[in-house]
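The structure under discussion appears below in the form of structure tokens.
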Amino acid sequence: MPNNSLANKILSVADDSFILGHRNSEWAGHAPILEEDIAFANIALDELGHAQLWYELYQELTGAEPDRVIFFRSAAEWRNTQLVELPKGDWAFSMTRQFLFDVYENVSLERLVHSTNPRVQEIATKIRTEEIYHLRHTSNWVKRLGLGTDESHARMQRALDELWTYALQLFVPLENERELIAENVVPDLGILRDAWQEKTVTHLSASGLQIPENIDSVPNLRAEHTEHLAELLQDLQQVARSEKFGVEW
Amino acid sequence: MVKSVTIDEIWRALDEVMDPEIPVVSMVEMGIVREVKIENDTVIVSMTPTFAGCPALDVMRNAIVEKLRALGIARVEVKTVLSPPWTSDWISEGARAKLKAFGLAPPPMHGGNVALYFDEPVACPYCNSTNTRVTNNFGPTLCRAIYFCRNCQQPFEQFKAL
Chain A
1 MPNNSLANKI LSVADDSFIL GHRNSEWAGH APILEEDIAF ANIALDELGH AQLWYELYQE
61 LTGAEPDRVI FFRSAAEWRN TQLVELPKGD WAFSMTRQFL FDVYENVSLE RLVHSTNPRV
121 QEIATKIRTE EIYHLRHTSN WVKRLGLGTD ESHARMQRAL DELWTYALQL FVPLENEREL
181 IAENVVPDLG ILRDAWQEKT VTHLSASGLQ IPENIDSVPN LRAEHTEHLA ELLQDLQQVA
241 RSEKFGVEW
Chain B
250 MVKSVTIDEI WRALDEVMDP EIPVVSMVEM GIVREVKIEN DTVIVSMTPT FAGCPALDVM
310 RNAIVEKLRA LGIARVEVKT VLSPPWTSDW ISEGARAKLK AFGLAPPPMH GGNVALYFDE
370 PVACPYCNST NTRVTNNFGP TLCRAIYFCR NCQQPFEQFK AL
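Those protein sequence lines, which keep their order, are chains A and B.
According to my numbering, the first sequence is numbered sequentially starting from 1.
According to my numbering, the second sequence is numbered sequentially starting from 250.
Here you go:
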């Protein structure tokens with residue numbers, strides 16, 4: 001059932017963007033400077049917009065309505081990586097996470113624009129240019145903080161040490177993903193990982209940061225989550241789920 | 250009802266529907282309205298989002314329906330299309346002048362390669378000086394960046410290239 005594999009893949013892509021967008025939105029009103037408050041709110045909104053396009057495709061494939069998918073799934077039913085669900089941490093942590101994710105999205109999108117599936121192809125083409133702005137922004141900040149003060153450097157290194165293993169989950173294939181690769185619907189994650197690694201390592205090294213060498217066990221299954229996802233969903237879903245506001249959302 | 254209204258009249262009416270976030274330019278001038286056709290007794294308008302996450306999309310959709318209903322058209326369908334993706338190169342010459350008069354520097358014509366223009370100087374919409382600097386690549390809406398003009402000492406915004 002190639003359609004089923006495609007639906008699973010699209011859901012994982014949508015969930016990653018959505019949860020990361022939600023985490024980024026938590027900086028609204030709390031970022032260290034006004035400009036960054038505005039920038040992160042924009043990036044959050046972009047990610048939610050991209051998630052929406054992917055959820056619409058998921059609906060075309062499965063019939064599941066985006067609002068149901070977002071507001072009425074329990075943690076074990078979400079297919080995002082643990083990378084994006086971790087609490088926002090300090091500014092260095094959120095910036096490093098966004099940078100690692102932006103590089104992944106850019107290397108992925110520059111291949112998805114050639115997907116043999118016309119809907120995947122058009123969505124990827126639509127959002128690719130927006131992602132170029134994200135990567136440009138986070139690349140600049142990674143360098144500025146990595147080469148900045150002792151404190152900013154230390155915080156960036158600590159963030160990177162914690163996030164690197166989590167980021168590698170982005171490259172763990174889903175069940176039956178091989179079918180999609182064989183049909184050139186999505187790129188091979190091994191190739192993406194090489195491209196991602198080359199770009200991240202080059203930029204992080206130029207920013208004075210050390211790439212972690214001891215890789216802990218990379219989270220393997222997208223159905224498995226940290227306790228942080230359930231907390232996030234409690235926050236996100238409580239209004240939609242409350243009887244008072246009812247089924248129409 | 251529909252037969253009495255021509256496609257040209259519909260386009261003219263839509264050219265009066267302003268962009269909700271930039272009320273000096275119409276959605277037609279912005280290149281957001283892509284196609285108008287009449288099928289049976291329904292007017293079908295295709296529109297395309299500028300930025301995917303643009304929160305004004307629903308407002309735009311409703312404004313189109315409202316405008317056409319006012320023309321006496323009972324059945325209006327607004328479709329969202331993604332392909333070809335919207336680009337700021339589609340903003341008409343006239344709209345660029347209006348953006349500038351509104352205090353928004355128009356985006357560069359980039360021909361599909363936005364990154365090439367990232368470091369190009371942006372002219373201040375008030376005094377035309379290119380002695381400007383970017384203060385934030387993100388602004389009050391998804392489609393704007395914030396600049397400062399060193400010449401006339403004014404902050405201004407640019408409509409981002411997409």
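Even for Gly, the Cβ is constructed at its ideal location relative to N, Cα and C.
A quick note: this is a predicted structure, and the numbers were derived from the prediction, not measured.
| Check | Outcome |
| --- | --- |
| Inter-residue CB distance, residue 349/B and residue 274/B (contact presumed, cutoff 8 Å) | Not quite, the Cβ-Cβ distance comes to about 11 Å (not below 8 Å), so this is no contact. |
| Exposure label - residue 155/A; buried when at least 16 CB within 10 Å | buried |
| Residue 16/A beta carbon less than 9 Å from that of residue 101/A | yes |
| Buried or exposed by the 16-neighbour rule on C-beta atoms within 10 Å, applied to residue 299/B | buried |
| Min CB distance residue 19/A to chain B below 9 Å | no |
| CA nearest to the CA of residue 211/A, picked from 202/A, 218/A and 217/A | 202/A |
| For residue 156/A, the three-state DSSP class (helix, strand or coil) | helix |
| Residues that residue 53/A contacts on chain B, provided the C-beta gap is smaller than 8 Å | 301 and 331 |
| 4-residue-minimum alpha helix (DSSP H) runs that sit fully inside the region 52-84 of chain A, ordered along the chain | 66-71 |
| As assigned by DSSP and simplified to three states, the class of residue 399/B | coil |
| Proximal residues of chain A, C-beta to C-beta of residue 364/B below 7 Å | 132 |
| Residue 197/A, DSSP secondary structure in three states | helix |
| Whole-angstrom distance between residue 407/B and residue 167/A, CA atom to CA atom | 34 Å |
| Below-9 Å beta-carbon distance, residue 353/B vs any chain A residue | no |
| Closest by C-alpha distance to residue 237/B, when choosing among 388/B, 254/B, 390/B and 378/B | This structure gives no information on residue 237/B, because the portion of chain B shown stretches from 250 to 411. |
| C-alpha distance - residue 194/A paired with residue 261/B, whole-angstrom precision | 52 Å |
| Beta-ladder partner(s) of residue 282/B, from DSSP | 296/B |
| Secondary structure of residue 1/A, DSSP reduced to three states | Confidence at residue 1/A is low in this model, with a pLDDT of 44, below 50, so its placement is unreliable and the value that follows should be read with caution. DSSP places residue 1/A in coil when its eight states are reduced to three. |
| Buried versus exposed, by CB contacts within 10 Å (16 or more), residue 21/A | buried |
| Sub-9 Å separation of residue 99/A and residue 141/A beta-carbons | yes |
| Residue-level contact to chain A via CB, residue 388/B, 9 Å cutoff | yes |
| Supposed contact pair residue 13/A and residue 54/A - C-beta distance, whole angstroms, cut 8 Å | 5 Å |
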